[in-house]
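Chemist:
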Amino acid sequence: MNTIEQHIQNLRTELREHNYNYYVLDNATISDYDFDIKLKELQAMEEKHPEFFDTTSPTQRVGGTVTKNFETIPHEHRMYSLDNSYSKEDLQDWETRIKKLVDGVIEYTCELKYDGASISLTYEKGHLIKAVTRGDGFQGDNVIANIKTIKSVPLQLKGDFPDKFDIRGEIVLPFEGFIKMNEERIEIGEEPYRNPRNTASGSLKLQDSSEVAKRPLECLLYNLTGSNLGISTQMESLEKARQWGFKVPSAATLANSIDAVLEFIDYWNTHRHDLPYETDGVVVKVNNLQQQEELGYTAKSPRWAMAYKFKAEQVSTKLNSITYQVGRTGAITPVANLEPVELAGTTVKRASLHNADQIKKLDIRVGDVVYVEKGGEIIPKILGVDLDKRPIHSEPTRYITHCPECKTELVRQEGEAQHYCPNYNGCRPQIIGRIQHFISRKAMDIEGLGGETVALLVNEGLISNYSDLYELTKDQVIPLERMAEKSADNLIQGIEQSKNIPFERVLYALGIRYVGETVAKKLAKHYKSIDAIANATEEALVNVDEIGIKIAQSVRTFFSLEANVFILNKLKRFGVNLEMSAEKLKGQTEKLLGDIIVVSGVFETVSRNELKKLIEDNGGKISSSISSKTSYIVAGDNMGPSKKDKAEKLGVVIISEKEFLQKTQ
Ligand code: AMP
Ligand code: ZN
158 MNTIEQHIQN
168 LRTELREHNY
178 NYYVLDNATI
188 SDYDFDIKLK
198 ELQAMEEKHP
208 EFFDTTSPTQ
218 RVGGTVTKNF
228 ETIPHEHRMY
238 SLDNSYSKED
248 LQDWETRIKK
258 LVDGVIEYTC
268 ELKYDGASIS
278 LTYEKGHLIK
288 AVTRGDGFQG
298 DNVIANIKTI
308 KSVPLQLKGD
318 FPDKFDIRGE
328 IVLPFEGFIK
338 MNEERIEIGE
348 EPYRNPRNTA
358 SGSLKLQDSS
368 EVAKRPLECL
378 LYNLTGSNLG
388 ISTQMESLEK
398 ARQWGFKVPS
408 AATLANSIDA
418 VLEFIDYWNT
428 HRHDLPYETD
438 GVVVKVNNLQ
448 QQEELGYTAK
458 SPRWAMAYKF
468 KAEQVSTKLN
478 SITYQVGRTG
488 AITPVANLEP
498 VELAGTTVKR
508 ASLHNADQIK
518 KLDIRVGDVV
528 YVEKGGEIIP
538 KILGVDLDKR
548 PIHSEPTRYI
558 THCPECKTEL
568 VRQEGEAQHY
578 CPNYNGCRPQ
588 IIGRIQHFIS
598 RKAMDIEGLG
608 GETVALLVNE
618 GLISNYSDLY
628 ELTKDQVIPL
638 ERMAEKSADN
648 LIQGIEQSKN
658 IPFERVLYAL
668 GIRYVGETVA
678 KKLAKHYKSI
688 DAIANATEEA
698 LVNVDEIGIK
708 IAQSVRTFFS
718 LEANVFILNK
728 LKRFGVNLEM
738 SAEKLKGQTE
748 KLLGDIIVVS
758 GVFETVSRNE
768 LKKLIEDNGG
778 KISSSISSKT
788 SYIVAGDNMG
798 PSKKDKAEKL
808 GVVIISEKEF
818 LQKTQ
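Numbers 158 to 822, taken from the working numbering, label the letters of the sequence shown in order.
1. Just tell me which of E375, V181, P406 and Y465 has its CA closest to the CA of S242.
2. Return the residue from the list S780, K506 and V672 that minimises the CA-CA distance to I539.
3. Pick helix, strand or coil for Y271, following the three-state DSSP scheme.
4. Between N413 and E264, is the Cβ-Cβ spacing less than 7 Å?
5. Verify the contact flag: T565, CB atom, against every heavy atom of the ligand ZN, threshold strictly below 6 Å.
6. Along the chain, where does the alpha helix (DSSP H) that runs through Q400 open and close?
7. Per DSSP, which residues does E281 bridge with? Please list them.
8. Check the DSSP bridge columns for H559 and list the partner residues they point to.
9. Determine the DSSP secondary structure at L500, reduced to helix, strand or coil.
10. Going by DSSP, what residues sit across from I328 in a beta bridge?
11. At what residue ranges does the stretch 479-546 contain a whole run of the alpha helix (DSSP H), taking only runs of 4 or more?
12. Indicate the three-state DSSP secondary structure (helix, strand or coil) for T160 in the structure shown.
13. Considering only C-alpha positions, which residue in the set L248, D211 and R354 is nearest to H284?
14. Report back the beta-carbon spacing between H232 and V289 to the nearest angstrom; my notes put them in contact at under 8 Å.
15. Given a cut-off of 7 Å, decide if D437 and T382 are closer than it, judged by their beta-carbon atoms.
16. Does T279 pass the burial test, meaning 16 or more other C-beta atoms within 10 Å, or should it be called exposed?
17. DSSP has M463 in a bridge; who is on the other side?
18. What first and last residue would you give for the alpha helix (DSSP H) that runs through L613?
19. Return helix, strand or coil for L476, following the three-state DSSP convention.
20. According to DSSP, simplified to helix, strand and coil, what is L779?
21. Give every residue of the same chain whose Cβ lies closer than 6 Å to the Cβ of S551, excluding the five residues on either side of it in the sequence, and list them in chain order.
22. Looking only at its own chain, which residues have a Cβ that is under 6 Å from the Cβ of L606, when we skip the five neighbours before and after it?
23. What distance in whole Å lies between the Cβ atoms of L495 and L476, which are believed to be in contact at a cut-off of 8 Å?
24. Per the DSSP calculation, D794 is bridged to which residue(s)?
25. What three-state label does DSSP hand G261 in the structure shown?
26. Among residues of its own chain, excluding the 5 on either side of A274, which ones have a beta-carbon nearer than 6 Å to its beta-carbon?
27. Could you tell me which of I812, S799 and D752 sits nearest to A792, measuring between CA atoms?
28. Beta carbon of N582: closer than 6 Å to some heavy atom of the ligand ZN?
29. Starting from D298 and walking both ways along the beta strand (DSSP E), at which residues does that stretch end?
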């Protein structure tokens with residue numbers, strides 16, 4: 158091995174080990190900063206030496222692959238459901254049933270039931286080669302590009318692992334990361350995600366794996382499948398999986414009777430609230446794999462396992478008042494203010510009531526005693542009303558008709574659940590919310606300026622829209638609360654620097670309804686300037702790839718408002734990027750215009766991402782699945798056989814990496 162290759166290998170080994178220590182063992186052995194430096198070094202070396210490409214390199218975890226249609230693959234071993242039990246009797250009945258079917262002493266493993274999305278991982282020669290969702294249990298989608306970004310999933314196993322096996326587990330989103338994601342969403346005026354489980358399972362189906370990489374997902378493993386694994390009990394298989402580098406929670410315990418199982422359940426029924434992720438029960442499994450085999454399966458589930466569901470904790474408390482919040486887009490959210498009550502280890506004071514329909518459906522009234530539950534949701538849910546305790550003179554809740562902030566009459570569009578305040582330019586929370594969105598990290602990323610300062614600036618009358626930011630002077634901001642010479646300097650400097658933010662992000666920052674990051678990128682790339690977008694008709698907009706009628710209408714509305722035109726002109730005058738910079742346009746050609754291209758396999762001289770960028774920069778379109786519309790396939794090594802078959806059937810041409818590169822020269 159030459160020294161460069163050796164150096165690359167050493168870096169990979171070192172980073173893998175740090176990853177493992179941090180994400181699997183929860184034990185950091187390097188600072189984030191040093192890790193980043195080393196990762197960047199490795200990235201640079203790999204880019205310079207593509208001949209040493211390795212799919213299991215830690216650099217592969219940042220994502221970047223875009224999958225439009227995930228490939229559906231059959232499970233080699235079916236993914237069953239679990240039978241549920243809710244009481245001691247249920248578990249005893251189960252034991253009676255299985256004792257009739259197997260001989261000998263039965264021992265049980267007790268594991269927590271992690272509440273997330275199940276996944277089946279296939280490893281060959283220690284490498285992850287497939288990651289398939291449960292789907293209908295018989296077949297699921299291969300989401301390997303997304304799974305690879307989850308740091309606790311080993312890309313390369315350690316120790317003495319079998320040549321080929323499947324391992325099953327649950328992808329979960331720990332509370333801490335979930336809450337952080339929601340804070341960021343609220344900051345940019347998006348609806349927060351409802352619960353960690355749905356967010357985890359939604360993440361698996363995201364098309365852009367670099368988006369998945371940003372989500373703090375974890376993979377907890379619980380089941381090995383395969384032949385000749387040389388393992389005789391469930392406990393042993395968990396231990397083995399741990400040794401190979403998988404994250405297997407340590408709660409798993411052996412129990413020699415149903416009473417011992419119940420002790421485990423009792424313990425975790427309260428202590429589960431101390432866990433960093435959601436659990437919804439316990440899974441009890443016959444420990445001996447021989448006995449498991451004898452017991453076999455019913456049509457739906459293994460006879461050798463039983464889930465015990467925790468009861469969602471419920472309390473009742475008084476509804477003191479309902480208040481209404483106005484979001485950045487003007488959406489109104491009703492909030493229940495409750496008499497504080499202890500629930501699942503926290504004090505609950507508020508609950509979301511979602512919208513007018515929800516209040517009507519449950520007939521929730523101020524003064525009522527309501528049932529509150531903390532299930533999978535972080536925000537507790539109101540389940541219903543204790544009608545026996547309803548005060549005699551209670552009246553049905555009348556939903557507000559006017560904005561609580563600016564008194565404008567609310568509107569509710571057909572088919573929408575939410576009421577909106579239409580006072581776009583005069584409603585304070587909307588004004589503040591829009592500016593907060595404008596300055597947020599993914600938008601203009603203005604350093605030295607935070608959400609609270611924005612509110613302060615608006616309330617003090619210093620700004621009333623985001624273009625006013627560029628007129629602020631140091632003297633104006635110094636008198637503000639908690640401002641000092643230095644912070645004022647930083648703020649002004651941060652605003653100045655935001656003039657370098659590229660057009661696509663400025664477009665996103667404008668806060669046009671339904672124009673998120675991806676749509677902004679699409680529009681920026683297609684139209685290249687704000688003026689071109691402003692002049693585009695609804696029909697023209699709809700013709701842009703992935704732009705639907707809802708987005709097109711919203712864009713038209715935005716530019717038809719006089720105030721917005723005024724603000725945009727001001728931004729332009731201050732030098733904010735309202736068109737694609739010349740640099741960005743350079744290197745773009747139309748050589749592949751009209752070509753619909755599928756990329757498959759591993760490449761020698763360019764990375765997959767570079768290849769995709771080349772296609773886009775030259776006007777081509779990338780598609781993830783082969784159809785009669787496909788112009789050609791660029792194939793590297795290891796192109797999947799099913800893709801090959803399909804290409805042959807449809808008569809689609811396959812070209813090599815080299816041939817493709819010639820086309821773009
Ligand atoms: P259900 O979806 O309610 O039928 O429950 C079955 C699901 O529980 C399985 O598909 C797994 O995804 C999940 N599960 C979570 N934790 C475990 C565990 N420790 N053992 C087995 N299954 C588990
Ligand atoms: Zn309003």
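Even glycine gets a Cβ: it sits at the ideal position worked out from N, Cα and C.
Modeler: The short version:
1. Residue 242 sits at position 85 when you count from the first residue of the sequence shown. Nearest of E375, V181, P406 and Y465 to S242, Cα basis: Y465.
2. Taking the sequence shown and counting its residues from 1, one reaches residue 539 at position 382. Checking every option, the nearest Cα to that of I539 belongs to K506.
3. Here residue 271 is taken as the residue at index 114 of the sequence shown, counted from 1. Looking at Y271 - three-state DSSP - the assignment turns out to be strand.
4. One-based indexing of the sequence shown puts residue 413 at position 256. One-based indexing of the sequence shown puts residue 264 at position 107. Closer than 7 Å, so yes.
5. Taking the first residue of the sequence shown as position 1, residue 565 is located at position 408. Yes, the beta carbon of T565 sits closer than 6 Å to at least one heavy atom of the ligand ZN.
6. On the sequence shown, position 243 is the one that residue 400 refers to. First-last of the alpha helix (DSSP H) with Q400: Q391 to W401.
7. The residue you call residue 281 lines up with position 124 of the sequence shown. Paired residues: H284 and K321.
8. Within the sequence shown, numbered from 1, the residue matching residue 559 stands at position 402. E566.
9. The residue labelled residue 500 in the question sits at position 343 within the sequence shown. L500 falls in the strand class under three-state DSSP.
10. Locating residue 328 in the sequence shown gives position 171, counting from the first residue. Answer is A274 and C376.
11. 513-519
12. Indexing the sequence shown from 1 puts residue 160 at position 3. T160 falls in the helix class under three-state DSSP.
13. In the sequence shown, counting from the first residue as 1, residue 284 sits at position 127. Checking every option, the nearest Cα to that of H284 belongs to D211.
14. Within the sequence shown, the letter at position 75 stands for residue 232. Within the sequence shown, the letter at position 132 stands for residue 289. Right, the Cβ-Cβ distance comes to about 6 Å (below 8 Å), so this counts as a contact.
15. Residue mapping note: residue 382 aligns to position 225 of the sequence shown, counting from 1. Residue mapping note: residue 437 aligns to position 280 of the sequence shown, counting from 1. Cβ distance not < 7 Å, so T382 and D437 don't count as in contact.
16. For this step, residue 279 is matched to residue 122 along the sequence shown. Result: buried.
17. Here residue 463 refers to the residue found at position 306 of the sequence shown. Answer by DSSP bridge pairing, in chain order: V441.
18. Counting from 1 along the sequence shown, the entry for residue 613 is found at position 456. G608 to N616 is the span of the alpha helix (DSSP H), which, as asked, contains L613.
19. The count along the sequence shown starts at 1 and reaches residue 476 at position 319. Strand, per DSSP.
20. By one-based count along the sequence shown, residue 779 stands at place 622. Residue identity differs from the one stated: residue 779 is Ile in this sequence, not Leu. It is a strand residue.
21. Position 394 of the sequence shown holds residue 551. Taken in chain order, the residues that qualify are R522 and G524.
22. Counting from 1 along the sequence shown, the entry for residue 606 is found at position 449. For L606, where only same-chain residues beyond five positions count, the Cβ hits under 6 Å are I596, L648 and G651.
23. Your numbering for residue 476 matches position 319 in the sequence shown. Your numbering for residue 495 matches position 338 in the sequence shown. Going by Cβ atoms, the distance from L476 to L495 rounds to 6 Å, so yes, they are a contact pair.
24. Looking up residue 794 in the sequence shown gives position 637. Note: D794 sits in a beta bridge opposite V759.
25. Within the sequence shown, the letter at position 104 stands for residue 261. G261 falls in the coil class under three-state DSSP.
26. To locate residue 274, count along the sequence shown from 1; it is residue 117. The answer, listed in chain order, is I328, A357, S358 and L361.
27. Indexing the sequence shown from 1 puts residue 792 at position 635. The shortest Cα separation from A792 among I812, S799 and D752 belongs to I812.
28. Against the sequence shown, residue 582 aligns to sequence position 425. N582: no, Cβ never under 6 Å from the ligand ZN.
29. Within the sequence shown, residue 298 is the residue found at index 141, counting from 1. From DSSP, the beta strand (DSSP E) with D298 extends over Q296 to N299.
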